[in-house]
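Reading through the structure tokens given below for one structure.
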Amino acid sequence: MAQKVVTTYVDDLTGEEAAEITTHTVLVDGAGVEIDLTPDNHDKLMEALQPFLSAKGARRVRGSLQGGVAKGKRRSVGTASNSDTAQIRAWAKENGHEVNDRGRVPAPVREAYEKATR
43 MAQKVVTTYV DDLTGEEAAE ITTHTVLVDG AGVEIDLTPD NHDKLMEALQ
93 PFLSAKGARR VRGSLQGGVA KGKRRSVGTA SNSDTAQIRA WAKENGHEVN
143 DRGRVPAPVR EAYEKATR
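Sequential numbering of the sequence shown, starting at 43, is according to my numbering.
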């Protein structure tokens, strides 16, 4: 028996089907959502957030779930990649911080790593 699988990509905001849909992670105050958007709707989201992201007192946060917007397919800019996490764990162990071999690296450890490696 032959089987044909059809994948349909749908914009979560409009319900529009499109070939160019990417998944974006939006994080605010440590909570987030993943949303699939067309490039146009992603641009609208970024345009709406731009005044907040470029505010005078706004500070860029790396490797934290304290807020931000991530771009790209299934990869968050606001979170560290697996290799970053491995580097942070190694640094933490060398510098007397307690970290597990698996799971999330605690925010205070990430912050200490950021301060030490800037």
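Note that CB positions come from ideal geometry on N, CA and C, so glycine has one too.
Looking at the strands, I want to know which residues DSSP matches up with residue i.
| i | result |
| --- | --- |
| G74 | L69 |
| L79 | T64 |
Rounded to whole angstroms, what is the Cα-Cα separation between residue i and residue j?
| i | j | result |
| --- | --- | --- |
| D53 | A97 | 29 Å |
| L55 | A61 | 15 Å |
| A132 | G145 | 14 Å |
| P93 | D82 | 18 Å |
| G57 | Y51 | 9 Å |
| E89 | V141 | 38 Å |
| G110 | A128 | Since pLDDT at G110 reaches only 44, below the 50 mark, its modelled position is unreliable, and the value read off the structure follows with that caveat. Going by the C-alpha atoms only, they are around 22 Å apart. |
| V103 | V70 | 12 Å |
Under a three-way DSSP split, which group does residue i fall into?
| i | result |
| --- | --- |
| V151 | helix |
| E59 | strand |
Near residue i, what residues of its chain come up, given a Cβ to Cβ distance below 8 Å and the 5 sequence neighbours on each side ignored?
| i | result |
| --- | --- |
| A154 | A134, N137, H139 |
Sorted by chain position, which residues of the same chain lie with C-beta nearer than 7 Å to residue i's C-beta, five sequence neighbours on each side aside?
| i | result |
| --- | --- |
| V48 | none |
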